[in-house]
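Note that the UniProt record's numbering has the sequence shown beginning at 1, numbered continuously upward.
A virtual CB, placed ideally from N, CA and C, is assigned to each residue, including glycine.
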Amino acid sequence: MTDTVLVTGATGKTGRRLIPLLMRRGAAVRAASRAPAIAPPGAEPVPFDWAREGTYEAARKGVDAIYVVYGDPGVAGDPADQVGALLDGAADAGVSRVVLLSALGVDQAPPGDAMRRVELAVESSGIPSTILRPGAFMQNFSERHRNRLVESIRERDEIAMPGGDGVVSWVSADDIAAVAAAALTEPGHEGKGYTLVGPEPLTMAQVAAFVSAAAGRPVRYVEIGRAEIRATFVESGMPPDVADSISELYVYALTSGAFGVLNDDVETVTGRPPVNFAEFAAGAAPAWLR
């Protein structure tokens, strides 16, 4: 049993769901974020900012395991260097387990890819590790995100996204958090990588139909291209050069079918099937109320 877990990104989509799961398993949780005042109840808040290496030592001191969530490459420094710095010396300090939130397909990227370099930094840290590679999050439709989908649905009854006829196996952040909780507190996950996806590949038109049913009004899918989604990213505060690369990856993920894969890793680890989109939409409907 892991005694104390450092959760970076504690106020994010997976972090804030993970913390209560860890506490129910008996772990003490140190919630690390730039806004420690809003840490989930029961967790020990600690200031943490990837762009400020001086915050790393206090955050990791005395912990047994670390959940690593890093920012978009290029926004606040080099994430591989930052993750490497956080983990440097952590094994000697007693850290015995690391779980990294990566992304679907990163293990197939070339070694120089920014996200692959983060995985390699974790794998070379000398600490037993597990890498989570989720696909696209269902909660991008219902919670604050750079694509501003929740606002588009609530204000204009539109899902304005790339996609066309491409399919995506959207995954719930609740399932990602459940897998992370298991990997951080149970034996047998060391050295493994888990592909985390939902149970059904869906087109954007099918997604719009589920959202419409849950919202109780018609919500239509509007296909946009890379230029439009890039502009949305820039408007949300993303640096233009980062928006260039992220928008390219975004369009590829949503249109190519590469994010439409299926597997049973969620069920294998958690013992239950992943949440389907209809279930997610039913619970998310309040976010779309006007």
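Coil, strand or helix - residue i by DSSP
i, result
"T4", "strand"
"S169", "coil"
"I153", "helix"
"R226", "helix"
"S236", "coil"
"P20", "helix"
"L289", "coil"
"P79", "helix"
"F137", "strand"
"L132", "strand"
"R117", "helix"
Any non-hydrogen atom of the ligand ADP within 7 Å of residue i CB
i, result
"T232", "The model depicted lacks the ligand ADP and carries no ligand whatsoever."
Best match in the options for proximity to residue i [C-alpha to C-alpha]
i, options, result
"I246", "R230, L254, T185 and F259", "R230"
"A10", "A91, P36, A209 and T4", "P36"
"A121", "D78, D244 and I153", "D78"
"V167", "V269, F280 and Y250", "Y250"
"R290", "V98, S152, A177 and D174", "S152"
"L87", "A183, G198 and L6", "L6"
"R220", "V98, A284 and A208", "A208"
"T195", "V222, A258 and T185", "A258"
"V197", "P274, A31, S102 and R52", "P274"
Range covered by the alpha helix (DSSP H) that runs through residue i
i, result
"P45", "Taken as a continuous stretch (DSSP letters only), P45 belongs to no alpha helix (DSSP H), being part of the beta strand (DSSP E) at E44 to P47."
"T270", "D265 to T270"
"G283", "F277 to A284"
"S124", "S124 -> no alpha helix (DSSP H), and no H or E assigned at all."
"V211", "M204 to A215"
"V59", "As written in the sequence, residue 59 is Ala, which differs from the Val given in the question. Note, A59: alpha helix (DSSP H), Y56 to R60."
Length of the line joining the Cα atoms of residue i and residue j
i, j, result
"G163", "S125", "37 Å"
"R226", "Y56", "36 Å"
"R16", "A39", "8 Å"
"E155", "G188", "46 Å"
"M161", "Y70", "24 Å"
"T255", "R148", "19 Å"
"R217", "F210", "11 Å"
"P286", "A93", "44 Å"
"T203", "R25", "37 Å"
"T8", "E119", "16 Å"
"S129", "A281", "33 Å"
"S212", "D157", "9 Å"
"G89", "A58", "13 Å"
"V171", "P111", "26 Å"
"D265", "V242", "31 Å"
"R144", "M138", "12 Å"
"A177", "L18", "5 Å"
"D244", "I224", "15 Å"
Extent of the continuous beta strand (DSSP E) run through residue i
i, result
"V29", "A28 to S33"
"I66", "A65 to V68"
"E158", "E158 to M161"
"residue 293", "Absent from the structure is residue 293, since the part of the chain shown begins at 1 and ends at 290."
"G193", "K192 to L196"
For residue j and residue i, believed in contact at Cβ under 8 Å, the rounded distance
i, j, result
"G260", "S169", "5 Å"
"G193", "D113", "Contact doesn't hold; Cβ gap of about 15 Å is too wide."
"R117", "A91", "That belief does not hold up - the Cβ atoms of R117 and A91 are roughly 20 Å apart, past 8 Å."
"A173", "K13", "4 Å"
"G135", "L100", "The pair is not a contact, with the Cβ atoms about 16 Å apart (cut-off 8 Å)."
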